[in-house]
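Quick note: the sequence shown uses numbering that gives the first Met the number 0, first residue 0, plus one each step.
Cβ coordinates follow ideal geometry from the N, Cα and C atoms, glycine included.
Report on one structure; see the data block that follows.
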Amino acid sequence: MQTSRRRGAVRALLTGALALGLVSVTTATARAAEPATNGASYATARAAAGADCSGSVSIYAALADGRLTYSQIDPSSGDRLKTLVGPDLGFVPKAMATLNFNTVLATDSAGTLYRIDVKTNNLSLALMSSPVQIGTGWTHDKLVYDGHGHLYGTAGGMLFQYLVSQPKPAGSEHIGQRREIGSGFVLKTLASTGDDRLLANTADGRLVEYRIDSAGAWSSKLLASANWSGFEKLVSPGGGLYYGVTSAGGMYWYQDVNPTDGSGSDIVYHNDDPVDTSGWAQILLSAEPETATCVGHDYAYVLPQPAVPRSELDDPHHDYAAIDIQVPIGTPVYAVTRGTVGYIDGGFGNGITLTSADGTTYIYGHLDSRGVAAGTTVTPGQYLGKSGNTGQSTGPHLHFEIRIGGVKHCPQPLLLALYDGVTPPAPSSLPTSGCSY
């Protein structure tokens, strides 16, 4: 769900982009968020309402007619703040890498390397001068800069590494030490997530991380084995944030809670809250490296925050330690913390249990459908299923309760804290009676 404030903001942004020729008329209606078309169904997608991130997400891109664009995205909410279209570069870029806020490298189809010096990207996108030719023979199909002095590129399946010694390189004297890292890098996209760390997806749907050591040796980690083939472009501003664009022009965002662990099991999917459902017509994207930082959370709110008003969480309800939250059938339901999923039936209908490492069990009752398999370990904010009216239920709602050693604890203080975005009380400190406020 989206608040009316956010929907209005998105409409305004898309209308502005419409005037610049970036999106179609139908895009400007700002339809409700829908799941990504990357092969992952809504029922299996993980989602969360936001991320605790700071900094900025700055993305330079090129249109098919050779114009440069600049977009800025809020790293916490995924909201696109602006998109600006600049002048014609005089060539259509083939590969692009952003070195810093005001310097972009790009190649053309003939292998010429250009330095693009940006004058401003605040209210308008303007260049200091025409792109400067600084090299030839750059026949790479992809380029990316890691923010720590290394430029990476692929050509013919070979991965190359270069040392960039100046923030505005003038030629080979500032971009050198060409090193062949390895072959077999036939990738659909290439992005950098940090110092000598690369991210790529493949045509068969894998999401892969590569790490290059000081000797030039590389290793890889499989973050996801499927469902990432739909992204034609992939960028990262650091902080574990990944942004992918589909062939339909939709941009979706993801947060790897611990981007250094080499595992994709803690990637939080925001498929129900995309940056844009369509409109990204650029042929290349390049994010300014390492401009966003994020922190992980031990807990997450169990519903999209706009689903119900805060007052619903402390209305009088059952006289036992549980809460019934009235929400429409089909409302996304999220994991409150990290834990192992189990199924519970009977009066709970399509129920889910979530057991954390300390033995605390969280129960989600009356779901319309379960979206995660029993035995799965989930992270805070991960999608669990859709709310419903199954089992012993007299109307659509989510039943939520907390049990420690079989004893029920009042969930209201924890849910209210999560709704307000403050540190929640420990489950063991929650009262076991007096839950009707």
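Item	Value
Assuming Ala61 and Met95 form a contact by the criterion Cβ under 8 Å, report the distance between their Cβ atoms to the nearest whole angstrom.	6 Å
Between which two residues does the beta strand (DSSP E) carrying Leu104 extend?	102-106
Taking Phe159 as the reference, which of Tyr144, Gly404, Leu83 has the closest Cα?	Tyr144
Expressed to the nearest angstrom, what Euclidean distance is found between the alpha-carbon atoms of Ala225 and Gly204?	4 Å
Tell me the rounded alpha-carbon separation between Val56 and Ser123.	17 Å
Can you give me the Cβ contacts of Ser427 inside the same chain, cut-off strictly under 7 Å, excluding the 5 residues immediately before and after it?	Ile403
Would you list the one or two residues that DSSP bridges to Arg210?	Arg196, Ser218
Are there three or more Cβ pairs, one per stretch, closer than 8 Å when the region 408-418 is compared with the region 366-374?	no
Taking the alpha-carbon of Leu189 as reference, which of Phe399, Pro166, Gly243 has the nearest alpha-carbon?	Gly243
Less than 8 Å between the CB atoms is what I'm expecting for Thr102 and Asp87, so what's the real figure, rounded?	About 19 Å separates the two Cβ atoms, so there is no contact after all.
What is the DSSP secondary structure of Gln437, counted as helix, strand or coil?	With the chain represented from 0 up to 436, any question about residue 437 goes unanswered, as that position is not in the structure.
Would you say Gly370 and Tyr382 are within 7 Å of each other, going by their C-beta atoms?	yes
State the start and end residues of the unbroken beta strand (DSSP E) segment that holds Asp419.	Where Asp419 is concerned, there is no enclosing beta strand (DSSP E), although the alpha helix (DSSP H) it sits in stretches over 411-419.
My output table needs one value for Gln125: the three-state DSSP class, helix, strand or coil.	It should be noted that the sequence gives Ala, not Gln, for residue 125. Here Ala125 sits in strand by DSSP.
Tell me which same chain residues have a C-beta within less than 6 Å of the C-beta of Val24, skipping the five on either side of it?	With a pLDDT of 26 at Val24, under the threshold of 50, the modelled position of that residue is not reliable, and the figure given next carries that caveat. Excluding sequence neighbours, Val24 sits near nothing in its chain.
Once DSSP output is grouped into helix, strand and coil, what is the label at Phe90?	coil
Is it the case that the Cβ atoms of Leu457 and Gln254 are separated by a distance below 7 Å?	There is no way to answer for residue 457, as the model of the chain reaches only from 0 to 436.
Are Ala199 and Leu186 closer than 7 Å when you measure CB to CB?	yes
Could you name the residues of the same chain whose beta carbon sits closer than 6 Å to that of Thr389, not counting the 5 residues immediately before and after it, in chain order?	Gly348, Asn349, His365
Given this structure, state the Cα-to-Cα distance separating Tyr59 from Ser262, to the nearest angstrom.	28 Å
For the putative contact between Thr238 and Cys52, defined by C-beta atoms under 8 Å, what is the C-beta separation to the nearest angstrom?	It should be noted that the sequence gives Gly, not Thr, for residue 238. Confirmed, Cβ separation roughly 6 Å.
In this structure, does DSSP put Tyr151 in helix, strand or coil?	strand
Below 7 Å between beta carbons: does that hold for Ile328 and Leu397?	no
Report yes if the CB atom of Ile282 is closer than 7 Å to the CB atom of Gln411, and no otherwise.	no
Helix, strand or coil for Gln287 per DSSP?	Residue identity differs from the one stated: residue 287 is Glu in this sequence, not Gln. Of the three classes helix, strand and coil, the one that applies to Glu287 here is coil, per DSSP.
By the DSSP assignment, the beta strand (DSSP E) with Ala60 in it spans what residues?	56-61
Tyr41 to Gly387, Cα distance in whole Å?	Confidence in Tyr41 is poor, its pLDDT being 23 and thus under 50, which makes the residue's placement too unreliable to answer from.
Using a Cβ cut-off of 7 Å (strictly closer), state whether Asp271 contacts chain C.	Among the chains in the structure shown there is no chain C, since it carries only a single protein chain.
Could you tell me if Asp275 is buried or exposed, where buried requires 16 or more neighbouring beta carbons within 10 angstroms of its beta carbon?	buried
Are Ile180 and Ile211 closer than 7 Å when you measure CB to CB?	yes
Return the CA-CA distance between Tyr113 and Trp217, expressed in angstroms with no decimal places.	28 Å
Would Gly215 pass as a contact of Arg178 if the rule is Cβ separation under 7 Å?	yes
Output the distance between the C-alpha atoms of Ser219 and Asp260, rounded to the nearest integer angstrom.	12 Å
Return the first residue and the last residue of the beta strand (DSSP E) that Trp252 is part of.	250-255
With DSSP run on the structure shown, which of helix, strand or coil describes Pro130?	coil
With DSSP collapsed to three states, give me the class of Phe399.	strand
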